[in-house]
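Structure first, commentary second.
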Amino acid sequence: MRFPPAVKSQISTMHRYRTHTCGALRSGDIGIEARLSGWCHRIRDHGGVLFIDLRDHYGITQVVADPDSAAFKVAETLRAEWVVRVDGKVRARPDGTENPDLPTGVVEVYVREIEVLGPAGELPMPVFGDQEYPEDIRLKYRFLDLRRERLHNNIIKRGEIIDSIRRRMKAQGFFEFQTPILTASSPEGARDYLVPSRLHEGKFYALPQAPQQFKQLIMVSGFDRYFQIAPCFRDEDARADRSPGEFYQLDLEMSFVTQDDVFDAVEPVIRGVFEEFAGGKPVTPKFPRIPYKEAQEKYGTDKPDLRNPVVMANVSDIFRGSGFKIFARILETSGTAAVWAIPAPRGGSRAFCDRMNSWAQGEDQPGLGYIFFAGEGGAVVGRGPVANNLGAERTEALRQKLDLNDGDAVFFVAGEPQTFVKFAGAARTKIGEELGLIDKGRFEFCWIVDFPMYEWNEDEKKIDFSHNPFSMPNLPVDEFLTLDASDRDKILGLRAIQYDIVCNGVELSSGAIRNHRPDVMKKAFAIAGYPEAELEKRFSGMLHALSLGAPPHGGIAPGIDRIVMLLCGEENLREVVLFPMNQRAEDLMMGAPSEVSPKQLRELHIRVVRPGTS
RNA sequence: GGGGGCGUAGCUCAGUUGGUUAGAGCGCUAGCCUGUCACGCUAGAGGUCGCGGGUUCGAGCCCCGUCGCUCCCGCCA
């Protein structure tokens, strides 16, 4: 591609590139000489008169050329996305041709001179317009996509949100720290990204999955209130709301605190940020606290979308010994079996109920039993096969318990709650979506509290940590230290001082009051079957630190990308990350990951063994 | 690792029951056009229908395999 010859500037006193940005000119500027630089967003060539929408980061200004202007010939050669400098006089647009959609819409620049600064070839993806394009094209030409309004605005908003978070954290007495990026392979559960060591053959650094141990060490070091907009690295498969490889957390930790203190510190920051950037959407004024068990029973998940008004209920009593033999039999065979009801307000049509039933079968479920209610001779009567077998009396009891009326329906799942809870939660979500019950115009927060400390691993017939092994068990220390294997039920009933913050069904974060006592930690790991020697080997640094005067401490780490995603109204993290990788953890623009030279590998004592050749 | 969806022009897509020369819009090229802001009008170029194999007189369409993208499950304390 050739650059057209540059035209020597006639106004030597002007800045080389611009006197104004493309979003600056207003009616008060009419009559002045202006110089603008930017991209040719859109060109409308009428033969005799030619319009260029010149765009930069700040806005769009209409530039006009006609055969009387010296630059007309150059203007006719311009194409979309060329970068140009234009000089000209700011003038009022003729009456009736103002564009109220543009802040600069009452003026235009009548061009005298054009210099092409950066021509562009044929575009693989236009910048103009809001058409959707495939992910791989968008990612390969991310710089073009980022010129487009939506992504450009998302990225700006991301920066503003992070600024606001920093401001609010510092106002609460938190200090920002930087923790290492090259560190040791860590105890957290995800797969590490490893970096081979040149100086130590056969040894590896790992990128931090989170600065978990460092922030605890900062507390042990006496700093009291830590935060960081922290990069985190995990080598796990991606999801729409889970970036592959790397992401950012608002990581924070506090000393001498209870769970309430952490909530009191974090909740105003999160609520404040959401109120600031929600664009008027209401935000939960006081985040409710929902125990893990209650969340499972009411919503079928530990990250409920509280915009969905559907609340499930245990209706085993109504089905036990009833004429609906399928459920009655299930309840007889096991003491833990249950029947849960999922109310569906305004879902009371056979068509909807049948649709839900076939959806359930598509989800590998036997089906989804239902009753729908309809008015009949002044009374509200349950319809459908379940109601017929259950009988009028029990159906009416059910209707009253769930407060259902003419036009409503209710669905049932039966069996072991442990196995059906996930499906029940999905059905609740499906009902909410299908019936339009979810108010999209709000941010509904909650805390999920009282997570179980341990869970039973049926495959290996052993007790496992349920979530974070470094959380403090919610039991007096003396009592915890005297637990033994015979207390299995007590152990499995133990709760950890651990919590999640959830917004609109998206898990923003996990946090905990940490286990700062080496004796408690050794006991906690012993219960999960880790011998003390292994604990010493894997976490000796941490254990030493905790044994030389550690304050009680706790914290949390809300995901920055997810917060920005919610506030931008996006459903995919890639829309709020500047240069994201694709689902297979590749950067299509930079070509990462890539092969490296044999010399590099030799220095790192690495040999590549391809599958099938070893 | 498993399951679903998609793959046709530079881009977005249509393509009937398997049947003549695979179409449209945007973009691109050339021409016309003095007030548009998704400017308009005329003409033109542009295709290994992801790739490989099969069935068939005949495949963009059916079958098998494979690759790529994406969503989900596993995984992510």
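Heads up, the first sequence is in the working numbering, so the first residue is 774 and it goes up one at a time. Glycine included, C-beta positions come from ideal geometry on N, C-alpha and C. Keep in mind that this is a model prediction, so the values were computed, not measured.
Under the DSSP assignment, S1131 falls in the alpha helix (DSSP H) whose first and last residues are 1123-1135. By the CB criterion at 8 Å, I1264 and Y1303 fall outside the cutoff. By alpha-carbon distance to I1091, the top candidate from P1139, Y1065, V1046, A1165 is A1165. Fully enclosed beta strand (DSSP E) runs of no fewer than 3 residues occupy 977-979 of the region 969-996, in order along the chain. Per DSSP, reduced to three states, the secondary structure at E1040 is helical.
Looking only at M1363, V1349, L1361, M1362, the smallest Cα-Cα distance to R923 is reached by V1349. In the three-state scheme derived from DSSP, where H, G and I count as helix and E and B as strand, T1109 is classed as coil.
For the pair L972 and H1378, the Cα-to-Cα distance works out to about 10 Å. For M1027, the enclosing beta strand (DSSP E) has its first and last residue at 1018-1028. If you draw a 10 Å sphere on the C-beta of N926, you find fewer than 16 other C-beta atoms in it, and that means exposed. Between the region 1081-1099 and the region 1241-1259, the count of C-beta pairs closer than 8 Å stays below three; the two stretches do not touch. Per DSSP, the unbroken alpha helix (DSSP H) holding R1311 starts and ends at 1305-1319. With 16 or more neighbouring CB atoms inside 10 Å of its own CB, H1326 falls in the buried class. Runs of the alpha helix (DSSP H) spanning 4 or more residues and lying entirely within the region 1061-1121 occur at 1065-1072, 1089-1092, 1098-1106, in chain order. If you compare the alpha carbons of R1093, R1383, G1121, A1133 with that of G1108, the shortest gap goes to R1093. DSSP, reduced to helix, strand and coil, places R921 outside both helices and strands of the structure shown, so it counts as coil. Beta-bridge annotation (DSSP): N1230 is paired with K1235. If you look at L823, you'll find it in the beta strand (DSSP E) that goes 823-829.
Assignment of K1054 by DSSP, reduced to helix, strand and coil, places it in the coil class. One Cα belongs to F1185, the other to V1382, and the distance between them is close to 53 Å. The count of Cβ pairs closer than 8 Å, one atom from the region 1031-1050 and one from the region 952-961, stays below three, leaving the stretches out of contact. Straight-line measurement puts the Cα of L1208 at about 23 Å from the Cα of E1149. P897 and E905 have their C-alpha atoms spaced approximately 13 Å apart.
Of all alpha-carbon atoms in I938, D874, D918, D826, the one lying nearest the alpha-carbon of Y883 is that of D826.
Distance from the CA of P1225 to the CA of Y1065, rounded to the nearest whole angstrom, comes to 8 Å. Taking a C-beta distance under 8 Å as the contact criterion, F950 and I1002 do not qualify as a contact pair. By the Cβ criterion, the region 1130-1143 is in contact with the region 1189-1201, since at least three pairs of Cβ atoms, one from each stretch, lie closer than 8 Å. Within the DSSP bridge table, the entry for H1326 names S1028 as partners. Taking all protein chains in view, the Cβ of A1160 is crowded by 16 or more other Cβ atoms within 10 Å, so the residue is classified as buried. Around the beta carbon of A844, 16 or more other beta carbons sit within 10 angstroms, so the residue counts as buried. Pairing A848 with S800, the inter-Cα distance amounts to about 25 Å. In this model, I1144 and N1345 are separated by some 37 Å (Cα to Cα). In this structure, the straight-line span from the alpha carbon of G1284 to that of R921 is close to 37 Å. Between R964 and R1007, the C-beta spacing is below 8 Å.
A buried status is given to M1315, since no fewer than 16 other beta-carbon atoms sit within 10 Å of its beta-carbon. Per DSSP, K1263 is not a residue of any beta strand (DSSP E); the alpha helix (DSSP H) it occupies stretches across 1261-1265.
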